[in-house]
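I have placed the structure first, in the form of structure tokens, so that the comments after it can refer back to it.
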Amino acid sequence: MRPTASILHLDLDAFFASVEQRDKPSLRGKPVIVGGIGQRGVVSTASYEARRYGVRSAMSMAEARSRCPHAAFLSGRFDAYRAASAIVMERLRRLSPAVEPLSLDEAFVDLAAGEAFDPGAVPELVAELRADVTRLTEGLTASVGVAPSKLMAKIASEIEKPDGSFIVAPGTEKDLLEPMPITVIAGVGPATAARLHHVGITRVGDVWRHTESELVDLLGSAAGASLHRLSRGIDDRAVSSHRENKSVSSEDTFETDIVDRTELGLICDAMARRTAERLRRAGLSGRTVTLKVRYHDFSTHTRSTSLPAPTDQTRTIVAMARRLLDATDVGGGLRLLGVGISGLADWVQDDLFAQEADPDPDGVLEEAVDETPEPQRPREWSPGMDVHHAEHGDGWVWGRGMGLVTVRFETRHTPIGPVRTLRADDPDLAPGHQEPVSHPAGTVGE
DNA sequence: TCTGGGGTCCTAGGACCC
DNA sequence: TCTGGGGTCCTAGGACCC
Numbered sequence: 024m025r026p027t028a029s030i031l032h033l034d035l036d037a038f039f040a041s042v043e044q045r046d047k048p049s050l051r052g053k054p055v056i057v058g059g060i061g062q063r064g065v066v067s068t069a070s071y072e073a074r075r076y077g078v079r080s081a082m083s084m085a086e087a088r089s090r091c092p093h094a095a096f097l098s099g100r101f102d103a104y105r106a107a108s109a110i111v112m113e114r115l116r117r118l119s120p121a122v123e124p125l126s127l128d129e130a131f132v133d134l135a136a137g138e139a140f141d142p143g144a145v146p147e148l149v150a151e152l153r154a155d156v157t158r159l160t161e162g163l164t165a166s167v168g169v170a171p172s173k174l175m176a177k178i179a180s181e182i183e184k185p186d187g188s189f190i191v192a193p194g195t196e197k198d199l200l201e202p203m204p205i206t207v208i209a210g211v212g213p214a215t216a217a218r219l220h221h222v223g224i225t226r227v228g229d230v231w232r233h234t235e236s237e238l239v240d241l242l243g244s245a246a247g248a249s250l251h252r253l254s255r256g257i258d259d260r261a262v263s264s265h266r267e268n269k270s271v272s273s274e275d276t277f278e279t280d281i282v283d284r285t286e287l288g289l290i291c292d293a294m295a296r297r298t299a300e301r302l303r304r305a306g307l308s309g310r311t312v313t314l315k316v317r318y319h320d321f322s323t324h325t326r327s328t329s330l331p332a333p334t335d336q337t338r339t340i341v342a343m344a345r346r347l348l349d350a351t352d353v354g355g356g357l358r359l360l361g362v363g364i365s366g367l368a369d370w371v372q373d374d375l376f377a378q379e380a381d382p383d384p385d386g387v388l389e390e391a392v393d394e395t396p397e398p399q400r401p402r403e404w405s406p407g408m409d410v411h412h413a414e415h416g417d418g419w420v421w422g423r424g425m426g427l428v429t430v431r432f433e434t435r436h437t438p439i440g441p442v443r444t445l446r447a448d449d450p451d452l453a454p455g456h457q458e459p460v461s462h463p464a465g466t467v468g469e
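Heads up, the first sequence stops at 469 in my numbering, and the numbers go up one at a time, no gaps.
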């Protein structure tokens, strides 16, 4: 626990709605609601004028319309939001290099990682920061909290919201937390709050009467231990400015449920393409493709499958997603369909090898799915050995899936050589071989 | 007129390996 | 013949966050 209030949390007030009001003077002073404007949309952000009518984030747009019919309903202009966000993040980086954005409108800053941090000058620093944000963004306002921890900084930025700030003096954390509703603690949402309610916990101070092991029994080891610490204001989480992406996904909720398999197939292809393009644009590749479907009753299911090595190839990702969809019951129709990729690798940084590590450099996987395989094959196979000689060098079985076996080769020039894919029924891979697997074998729908 | 889209993290069971 | 223990990977689902 750090001894000074040196973690800052900044939150832009009603961000999307405020950008709209800034850019369209006719909307100023009026209720503005940004979100999905279709039949099944939800509210992203409501201006403070709209909040007076009870409109909240995540509320269905239908309910928002009934509560505040005269509001302006907008679908959002994300380029404008990104531009405003970039200005604010840039300003935060002048305070310290340790800036951790949580979303377009929120970030933590570790002030102690900046140059010549003076704890005594925090009030002036905050005032100057908030004034700069409003000036640089031409009218947006921010709320700011500063505290000895992330937990308290984030809570503090809410206290004087909107357009205010609060600094938590070290040592005052527990007094501040005690009367607050339990849901102020990070990770306590509706489901956890309901369980805690059952044992008489509604405020943060109520947690103090329970031992860690009681909380672990109730919530599981991670959530229980975390709540035990955070409720006492104990929080050592660091501000981290370089968090790596773990997944990329695209999904779409349909205006009405879609039953037709052919139509769903085309949508699945398009969704997989979108995901693959975003993956490539981010300079990444991934191993695991996940299909997500939601039924009319809102139940949600996922099906996933992994490749032996990362790919960023659209056709491979499309083929894998299709296979997953083909194996999925769409009986009563789908409300939502999505395609995601995880198990990401940094394609750009590892350029030389990554190109060759693509398990499907020639789109062989997809062609095989289309029953038109033309895989290259090694000339020789030495049963029972870890390495077999081949035309291109020495290779070994590297993974299997989708009725195919992936063989990776060493060449004279590179330790990690090209990958070739054979059909599983290739005579060179007949049973009886002691299979030399020098890498965890993936399973792709076999 | 119910319930978006982009993510993260955790849990749990089974496979597999040593 | 009645059976371990730990570690890791994979998959599926759920809670949570903005």
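Every residue gets a Cβ at the ideal spot worked out from N, C-alpha and C, and that includes glycine. None of these values were measured; they are calculated from a predicted model.
Provide the residue span of the alpha helix (DSSP H) that contains T215, from first to last. Mapped onto the first sequence, residue 215 falls at position 192. 213–221 is the span of the alpha helix (DSSP H), which, as asked, contains T215.
Looking at the structure shown, is D102 part of a helix, part of a strand, or coil, going by DSSP? Taking the first residue of the first sequence as position 1, residue 102 is located at position 79. D102: helix per DSSP, three-state reduction.
Which residue comes first and which comes last in the alpha helix (DSSP H) that contains S89? Mapped onto the first sequence, residue 89 falls at position 66. Here the alpha helix (DSSP H) through S89 covers 84–90.
On the DSSP letters alone, give me the boundaries of the beta strand (DSSP E) that D280 sits inside. Taking the first residue of the first sequence as 1, we reach residue 280 at position 257. Residues 270–281.
Please work out which residues of its chain come closer than 8 Å, Cβ to Cβ, to P26, disregarding the five sequence neighbours upstream and downstream, and give them in chain order. The count along the first sequence starts at 1 and reaches residue 26 at position 3. Correct list, in chain order: P171, P193.
Entirely enclosed beta strand (DSSP E) segments - the stretch 293–352, minimum 3 residues: 307–318, 323–334
Can you grab the Cα-Cα spacing for the pair Y318 / T325, in whole Å? What you label residue 318 is simply residue 295 of the first sequence in a count that begins at 1. What you label residue 325 is simply residue 302 of the first sequence in a count that begins at 1. Distance between the alpha carbons of Y318 and T325: 12 Å.
Proximity winner among Q336, D320, Y76, L289, relative to V312 (alpha-carbon distances): Stepping through the first sequence from its first residue, residue 312 is reached at position 289. Nearest C-alpha to V312: Q336.
Three-state secondary structure (DSSP) at E267? Against the first sequence, residue 267 aligns to sequence position 244. In the structure shown, E267 falls within a coil segment according to DSSP collapsed to helix, strand and coil.
Using the three-state DSSP reduction, which class does S166 fall into: helix, strand or coil? As a working mapping, residue 166 is identified with position 143 in the first sequence. In the structure shown, S166 sits in a strand (DSSP, three-state: E or B).
Quick one, which of F321, G309, I30 has its alpha-carbon nearest T328's? Within the first sequence, numbered from 1, the residue matching residue 328 stands at position 305. Checked all of F321, G309, I30; the closest Cα to T328 is G309.
According to the neighbour-count rule (16 or more other Cβ atoms, all chains shown, within 10 Å of its Cβ), is I178 buried or exposed? Position 155 of the first sequence, counting from 1, holds the residue named residue 178. That one is buried.
Of the listed residues A245, T298, I205, nearest to G228 (C-alpha basis): As a working mapping, residue 228 is identified with position 205 in the first sequence. Among A245, T298, I205, the Cα nearest to that of G228 is on I205.
L253 by DSSP, collapsed to three states: which one? By 1-based counting over the first sequence, the position of residue 253 is 230. L253 falls in the helix class under three-state DSSP.
Provide the residue(s) that pair with H32 in DSSP beta bridges, ordered along the chain. Within the first sequence, the letter at position 9 stands for residue 32. Paired residues: F131, G168.
For P146, the first and last residue of its enclosing beta strand (DSSP E): Here residue 146 corresponds to residue number 123 of the first sequence, with the count starting at 1. Per DSSP, P146 belongs to no beta strand (DSSP E); it is in the alpha helix (DSSP H), 145–159.
Opening and closing residue of the beta strand (DSSP E) in which I364 lies: Here residue 364 refers to the residue found at position 341 of the first sequence. Element bounds for I364: 357–369.
Beta strand (DSSP E) segment containing I178, residue limits: Position 155 of the first sequence holds residue 178. The continuous stretches of beta strand (DSSP E) do not include I178, which lies in the alpha helix (DSSP H) extending over residues 173–182.
When the Cα of E161 is compared with those of R301, S41, T351, A305, which residue comes out closest? As a first step, residue 161 must be located in the first sequence, where it is residue number 138. Minimum Cα distance to E161 is reached at S41.
With DSSP as the reference, label I56 as helix, strand or coil. In the first sequence, the residue the question calls residue 56 occupies position 33. Shown here, I56 sits in a strand according to DSSP, grouped into three states.
Our contact map puts L33 next to V207 with C-beta atoms below 8 Å; I'd like the distance itself, whole angstroms only. For this step, residue 33 is matched to residue 10 along the first sequence. For this step, residue 207 is matched to residue 184 along the first sequence. In this structure L33 is not in contact with V207, their Cβ atoms being roughly 18 Å apart against a cut-off of 8 Å.
Rank S272, G137, A87, D283 by C-alpha distance to the C-alpha of L307 and give the top, closest one. Taking the first sequence and counting its residues from 1, the one referred to as residue 307 is at position 284. Nearest option by C-alpha distance: S272.
Can you say whether G61 is buried or exposed, counting buried as having 16 or more other CB atoms within 10 angstroms of its CB? Position 38 of the first sequence, counted from the first residue, corresponds to residue 61. So G61 ends up on the exposed side.
Considering just the uninterrupted stretch of the beta strand (DSSP E) at S126, what are its terminal residues? The residue given as residue 126 occupies position 103 in the first sequence. Residues 122–126.
Taking the straight line between their C-alpha atoms, what separation do you get for D254 and G210? Translated into positions along the first sequence, residue 254 becomes position 231. Translated into positions along the first sequence, residue 210 becomes position 187. For the sequence presented, residue 254 should be read as Ser rather than Asp. Between S254 and G210, the C-alpha separation is close to 11 Å.
For a quick check, are the C-beta atoms of S264 and V169 less than 7 Å apart? By 1-based counting over the first sequence, the position of residue 264 is 241. By 1-based counting over the first sequence, the position of residue 169 is 146. The answer is no: Cβ separation not under 7 Å.
My assumption, with CB atoms under 8 Å, is that P202 sits in contact with R226. Please give the rounded CB distance. Stepping through the first sequence from its first residue, residue 202 is reached at position 179. Stepping through the first sequence from its first residue, residue 226 is reached at position 203. Going by Cβ atoms, the distance from P202 to R226 rounds to 6 Å, so yes, they are a contact pair.
Residue from D133, G59, A87 with nearest C-alpha to D259: In the first sequence, counting from the first residue as 1, residue 259 sits at position 236. Ranked by Cα distance from D259, the first of D133, G59, A87 is D133.
Report the partner residues of T195 according to the DSSP bridge assignment. Along the first sequence, read from residue 1 onward, the residue named residue 195 stands at position 172. Bridge partners of T195: none, in fact.
Are L50 and A95 close, meaning C-beta to C-beta below 7 Å? Here the question's residue 50 lines up with position 27 in the first sequence. Here the question's residue 95 lines up with position 72 in the first sequence. Yes; because the gap between Cβ atoms is below 7 Å, this pair is in contact.
Could you have a look at L118 and say whether DSSP puts it in helix, strand or coil? As a working note, residue 118 is residue 95 in the first sequence. Residue state, collapsed to three classes: coil.
Helix, strand or coil at I224 according to DSSP, with G and I counted as helix: As a position in the first sequence, residue 224 is number 201, starting the count at 1. DSSP places I224 in coil when its eight states are reduced to three.
Have a look at the DSSP bridge pairing and note the partners of V65. Your numbering for residue 65 matches position 42 in the first sequence. DSSP, once it has assigned bridges, lists S83 as partnering V65.
In whole angstroms, what is the alpha-carbon distance linking D23 and L360? Because the chain spans 24 through 469 in this model, residue 23 falls outside it and cannot be assessed.
Cβ-Cβ distance between S119 and A136 below 7 Å: By one-based count along the first sequence, residue 119 stands at place 96. By one-based count along the first sequence, residue 136 stands at place 113. In contact: S119 and A136 (Cβ atoms closer than 7 Å).
Option in W231, R153, P142, G355 with minimal Cα separation from I30: Position 7 of the first sequence holds residue 30. The shortest Cα separation from I30 among W231, R153, P142, G355 belongs to P142.
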